[in-house]
Structure formats: structure tokens, C-alpha cells
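Data block below; observations after.
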């Protein structure tokens, strides 16, 4: 026997490398931290040896060793003391040990082992000291083996190899447990044993505190924990976190915000400093006091205005304090025969505001009383101001209906939003105007000759002994009840006139003035006349006439329409079928006119507020109906989770939940929800289904149906070669059905690729990812186009790359690439070619070759999708017809090279391929020129010879990499097809 005691001194060096406990671990026992003796038992007593030594800091080191490798049938047990489980539901045991390589021990037969066993026993309390040790009571956890063992040489060089193994024990349901270690013949030193359980530690997130939380016993289930807002914070949306099995906090939901007068600092809400304030409960910083205001205490919610400055009632607290404006300047008047004009310039000091307006105050002072005091009275109601006399925003006003030879004093007052709040004097400027009278009123009486419903005949008389010749008369009139709203006037040279265009049963006010060579005279006194009432009999007759006319016209229209439908009814079915086919082709490249019965797609960007589109096309879900199970990925704006949606009155359904991370901008929120407003408009079994959105609480979420097999490209790569052709066709047909639907509703996808197609458990494919401008921002396959957006070059049609022309025809090009991805089981289109090489190769006529095992008729469909001219590409309806014909008769398509019967309107020619004149040119085009010598050495010096090669021939010339073999053989299959068409044209290769 070779005891391991000589290795004890080396354990000091090994223990120095033991790290401190991570923050999410609660240690139940650690032998390296025990200062006294360990209460561990050995069975038999001479099996395991307990050794305690002191390190350089005078701390004990407890180790257990056993090395009875020379004796057969070893069964040595070491049992720990009773360990209280506390809050743990499952615990972890970390073992650090060294183990001797049996081959390095001389004269050892088959009795030496290089493993030991770990057991545990649950109890509700420590066992009595006299309790007999029964190995059968203990449950086995695992057999422990060393990753690295040491030899005699290592021992001589004072180098031991320390192993660390962690095992999970549980579920633990009793109050505590024992650990037991069984040696069956190994040479081992147990250096340290640590027992711990994991928890999600106390944390602060989104201004909420979440307590220590122990994960569930079920490792696949998350624990939902509600947080409490920190001091001086209030709950905006219920803060939640989910505790994962590994002690990690996941999926933050909801948040708190700092109350007024407080701002977030290092996860807490601190009071605003003097000179700063915060008026709203939101996650923003305290703001510096606006101009002309200040705060002297902490936690200010508003800054008070300085003396002489004010804040209007509707002014937000963030607005600077202001003061009333100064008086208007440069007030001037201009008087003509009919109107008085006042004009002024704005005040020199607006008080720091932009809402300056003006009021006109008028006083008329015509005489004085007995004491010689001038008598003045307000006159605003006697005059007409255009546009008005209060609340003027302009700097001029027109005044009408003033009296002649009167003295008016006009005050122009400037006001703003804080005028009247202080004790400052009013901001007035004034001017006095005397209305010079050209002459006395020459018309002293106006009479009504007759009146109808819409007219009044007037005549008037002039005063006697008129010394001036009257040139004409002006008649001014208005509705009595609308004096200040509407005014009309007309002229005549005779002393009578019929005023027309009036309303029935309405009182009108008239007065007349004369115009002489010296100008207009004063107006006559006002006279009131009323128009005649409306005759009810005439009105009834008019209504009857209208009804009869409408009835006769409607009957005639009905007869004509019936005759038309009778004549055209026989050909209606033909016209509808013909119209649908022609309409598809005429709108194929630019139009988006849907067919009858299909709702037109509405671009969310056309809404003034994109959030309205979300409200219209997506259903708002109560967040209490959503249960998150686990995080399955991460997106550009947050985590993607798998969960359950429990609606009222229905069973739970599995859903995928996209969450919007906190701290995003409003534009990011709109971009995130844009996809929901798009998907919500679609109703097709092959388009991802939107269940609803959560926008009224945090986090914002988009809930869609869950697709168990994930993205199509990754799924195919994981199942390489496992499907029948009919299964692959089923996937492709589902994609084509979705795209045909999108084409009908007028939606262009722009980013159709296998990575944007999801697969469910039944291998049904559904098109997804309808937010191209957002998703492609971080796409490694994307480059900038001329318009500044990003597009996926390998999937995009040439006209879309060069000119940005996206249409259903560009989507059909992308569909051809998806076909190639499916038939090659998720291989990358164009392999390692750069984006620039892809663009140049396509422009020169190069197209992807047929994947290995792909029927040539399928490749011909791809080639039709990749026609350079968009008008020559098939429609998605044609593609669906092709797949349906294939499903009915697969053998005819699998064996035929030129079967294009699946395309009713397919073009007659395939795209021209570059005819490679040498092996080197061909290999350069597929980025395989490193194998040129292999082909020459193998005897393949012409392209005709290369076109006959099989996969075995490719392997025989020394090409061993499977990916390179596939690329070369796919290109060879394409060459065969090219040569076939050349020979059909009458040429020899």
C-alpha cells in the first residue's frame, strides 16, 4: 500500500487557489471555513484518514485520505455531519480532490480504482450517536471520476493535480441531510467539500427592490417575484422579475419612477439640490431652475418666480418666469370718408413671452358739463372694429360706424399671459381722433315700398335746399341680430333701390348716406324693415316635386340597371376570372390593388401617429393573461420568451413573447410596434399569427404564436438530409401560399429568406419578420443601398439592389433563393463570396447551381424566379400551381429536365449562363481555384469532361472537405443543364 500522506504538505498550495463564493450562492457547509474539528465519521474506522494541518495564516485545513489500493474488496465510507438545508429545495456539492493514477503504482493488480461514489441521506434532525450506519439507507448521487490524476513523478516534483466536481442533490424535502463518500479501492485525498444552494440575491432593478429568492424545485420553471419601489419612488407599472434555476434574475417587467422633487442616482431616488427642481414623477433628472426663478430647499417640485416676474396658470413649471409687456409704440391714425385706421408697432419689451395680444379701449368726449369738465363715456359698443377690438394678434385695426365731428380717444393695450398677475400699471398707449364731418346728413327718411321673402324695395327723401350735387347713394344694411358679425352695402344713383338676397322673416337695419364732390355725408338715422314670411303651400309643393322627380329617376335607373345585368349576366363568370388573372399581371411590379373580398394592406407609416395603427390592427392584451416560462433568445429591442396566454374562457396556448427593453426611445418603441400593426392586418395560415400586444403597461410586448422548430434555415441545418422531397415541397408550398396572399393584399415583403420563415412541430412553414427596415440594421448579410437603407444582397433582386425597386417580382426572386436554401438544407447562398462578388456575378449572368439531389425541374423553377427582367418571372400563383401538379404526380417532375408545364405563363428561355472557356475560369467563379491542379492531375482538362463527373470522381481527385464537394458537384449539375440547352439549340459542346 502507498499511503498518500506525503502529499499533505502540497495541499496548502492547492487551497490558495480556492475562490470566494459567488453572490448567488448560500453556503450550507464549507470544510475550508471550519475552525474546529469536523464531526465526520468513518466506517470502518481504519478506512478514511482525517488529517488536519495549519496553513500559513494558522487556519486549519481538513482533509480526508484513503489509499488501500493493495487490498481487494475495499468498501470504505466517510460520512459528514448533519447539514441543515435552510431554504434550499435542491443543493449542490462541490468536491475538490486529488487522485493517484493506478498505472503509476507498481505491483498493483486489478484492485486499484480511479473513482469514488457520492451518497446522501435526508432526515429531519441529527441522528443519535448510537445509530448504526446502514449504507442501504443512503441514496446514490453519482460516481465521481477525476479529470486529471497525478503520478509518482508529479509527487516528486511537488505538483498535484486538483480536480473540482459539482453535483446536484435533490430535491431536498427534509430539514437536513448527511453526505457520504464511498471508496472502493482508490488512492484519493478529499481536499475540501462545499455544500451550497443557489438563490437570486437581493437586487435593485428599475428603482424596485427584489428580495432574496430561492428558485423552484422544477428547474424549467421561473419564480415570479414582485418588487417594492425604493424610497421616494412610486409604482408606474407593477415591477416584476423572474428568478431562474441558476440564481439569475431574468425578464424585468414594469418599473418605478422617482416622485416629484427626486431623481434617480445609482438605483435610488435622491432629493433635488437647491437651485434644481422636478415637477413630475418620471425617470428624468432634476432640472435647473428656469430663468427668473429659484429654489432654496431640497426636493423642490417647482421654482418660485423672482420679484416682478410671474408664471401663468397654464404655464408648465419648466417655463421661465416672465412679466407683462411694455406699452405698444408709434400709435398712428388715418381717417377717410368711411373708416378710421389705427396702426402701431409691438412693444419694445414683450416680457419674455410670445403670446402678446392687444385690446382697443375707446372713449368719446363730445362736450363738457356746467362746471367745464369734459364728459367722456365708453364707446366700444357703438363702433364696429375689424377684425375685433379685443384679443388682436396683429398691429392694426379698422373702425367703422363712427359719428361725424366727434372726439374719440383710443387706448391700445398690450397684454400677455401674465398681465394682471402683478401690481404693474397697464401697458397702454393712446391717441385722440376727431372725425371731421364732410357735411350733414342729406337723407332724412328711408321708407319701405314693398317686401317679399328675399327682397325689400326702399326709397328715401333728401332734405330741402341741398346746395351740393349728389353723385350717388350708399345703402348699408345688416341683420339686426348680427350687427357685429355681418355687414353689407350697395350703391345706386337714384333715391330708390331693391335690396335682394335677404332671408325670409328677418329684420334688417338700413341707413343711407349721400356722396357729393366733397365726399360722403353723415348717415341717415337707422330704419328697420322685415322681409315676408315663407309661404308653406309653396314649400310643400316644392317638396312634392322633388320627391316625385327622385322617384321617377330612381325607377328609371333601376330599369336600366336590370337590363344591363340581364345582358351581361351570362359572361360575368368569365369576366371575373379573366379580370383577376390580368389584374395580377398588370399590377405585378408596382400596383397594390387587391382583389374583391381581400382587404388592402395599409402602411402604418401613413398614419400621423403610428400608435393609431397599432390600436386599429392589434388587440390589447391584459398582461395578467400572460405567463412567461423562460427566455429563449434575445432580439434587437429586448428578450424573446416562451410562455402561455390564458384568455378568459379558453385554454392556455403556447406563445412567443417579444419584450421591449427599458430605456428605449419613443422612436424605438414605434419601430418595435410597427411589426405588430403589419402582422395584425394579415389572416393566412402560412403567416405568423399575432395574438395581441401589451402597450398600456411595461414592458411593451408583442405576442405571437409559438413555432416549436424555430427558423427554417437553422432547422434544416440540424436535420440535414432527413426529409423526403415531398416534405420539402410541403414547406415551400406553404411559403408560396403566404407570399401569394401578401401579393394579393398589396404587401411587398422585401426580406424573404429562410431565416425569416418559422417552422412548427408539423413542419408547416409560416412567413414572419415584417419589420425589414428595423431587423436588417444589424444583419451581417446587409449592405447600404443608394437610398441609405439596408438590404440583404444574397436574397434581393438586381433591380431592387440597383434602383431600390421592390415589388412582388423582387419577392419572387427572393423565393427562388429560399427554394435553393431548402433544397440545400440551409446552406448559405453563394457560400463565401463577398456581397460585391455576388452583385457582379449576377449582373454577368451567373446563377446558383442546383443543390445536390435537387430535381432539375426544381432548379428550372429557381432559374425562372431569377430572370433578369422582372416581367419574365412567374407569379406566386404560378408557383402554387407547379407545386400542386408536383404533389399529384411527383415522378414526372423528378425525372424530367425540361418540364415547365407547371408555369402557365413562363418564359420560353432560361437565363444565359457565362460559358467558361477553361477549368480555371470555372473554378474562379465558384471560389474553388485552389483545386485547379487536382482537376488537371485527374485528367479533367475540358468543361465537357468536368460535366460528366460524379461525387465519387470529385472525392477521387483529392477533394475531401464535404462543403467543397457539395459546391463543386452543384455547379457541375448546373453545367449539365447548360450544355443540355445548348445542344437542344443545335450547337455542339
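In this note's numbering, the protein residues as written are 377 to 1365. Positions of the beta carbon are idealized from the N, C-alpha and C atoms, including for glycine.
Item: Contact the stretch 541-553 vs the stretch 562-569: 3+ CB pairs below 8 Å; Value: no
Item: Euclidean distance between Cα positions of residue 724 and residue 703; Value: 8 Å
Item: Simplified DSSP assignment, three categories, for residue 478; Value: helix
Item: Closest Cα partner of residue 1007 within the set 404, 620, 498, 594; Value: 620
Item: Segment limits, beta strand (DSSP E) that includes residue 552; Value: 552-559
Item: Alpha helix (DSSP H) segments (min. 4 residues) lying fully within the stretch 723-780; Value: none
Item: Residue 549 CB to nearest heavy atom of the ligand PLP below 7 Å; Value: The ligand PLP is absent from the structure shown, which contains no ligands of any kind.
Item: Three or more C-beta pairs below 8 Å linking the stretch 1246-1255 and the stretch 1181-1192; Value: yes
Item: Closest residue to residue 1218 among 458, 982, 1170 (Cα-Cα distance); Value: 1170
Item: Beta-bridge pairing of residue 605 - partner residues as DSSP gives them; Value: 584
Item: Residue 553 versus residue 1130 - alpha carbon distance; Value: 53 Å
Item: CB contact check: residue 474 to chain B, cutoff 8 Å; Value: Protein chains in the displayed structure number just one, and chain B is not present.
Item: Range of the contiguous alpha helix (DSSP H) that encloses residue 1093; Value: 1088-1094
Item: Terminal residues of the alpha helix (DSSP H) in which residue 1240 lies; Value: 1232-1241
Item: Buried/exposed call for residue 810, threshold 16 Cβ in 10 Å; Value: exposed
Item: Cβ neighbours of residue 1197 in the same chain (closer than 8 Å, five flanking residues each side left out); Value: 1088, 1089, 1092, 1129, 1130, 1203, 1205
Item: Proximal residues to residue 497 (C-beta, below 8 Å), its chain only, five neighbours per side dropped; Value: 513, 514, 515, 553, 554, 556
Item: Host beta strand (DSSP E) of residue 705 (start-end); Value: 705-711
Item: Residue 794 and residue 734 closer than 8 Å at C-beta; Value: no
Item: According to DSSP, residues forming a beta bridge with residue 904; Value: 885
Item: Residue 543 versus residue 594 - alpha carbon distance; Value: 16 Å
Item: Neighbourhood of residue 625 by C-beta distance below 8 Å, restricted to the same chain and skipping five residues each side; Value: 576, 579, 581, 586, 617, 618, 619
Item: Element boundaries [beta strand (DSSP E), containing residue 628]; Value: 625-634
Item: C-beta atoms of residue 1018 and residue 1003 nearer than 8 Å; Value: no
Item: Contact set for residue 610: own chain, Cβ-Cβ below 7 Å, skip 5 residues either direction; Value: 632, 633, 635, 657
Item: Cβ distance (whole Å) where residue 1062 is taken to contact residue 1111 below 8 Å; Value: 7 Å
Item: Distance, residue 1315 Cα to residue 1241 Cα; Value: 36 Å
Item: Unbroken beta strand (DSSP E) run spanning residue 574, endpoints; Value: 563-574
Item: Inter-stretch contact at 8 Å, needing at least 3 Cβ pairs: the stretch 1108-1123 / the stretch 1136-1143; Value: yes
Item: The alpha helix (DSSP H) enclosing residue 446, as first and last residue numbers; Value: Run containing residue 446: none; DSSP gives neither H nor E here.
Item: Enclosing beta strand (DSSP E) for residue 810 [first to last residue]; Value: 804-810
Item: Rounded straight-line distance, which links the Cα of residue 404 to that of residue 449; Value: 34 Å
Item: Beta carbon of residue 875 nearer than 8 Å to that of residue 866; Value: yes
Item: Test item: CB-CB of residue 871 and residue 849 under 8 Å; Value: yes
Item: Beta carbon of residue 790 nearer than 8 Å to that of residue 803; Value: yes
Item: Inter-stretch contact (C-beta, 8 Å, three-pair minimum) for the stretch 676-683 and the stretch 766-784; Value: no
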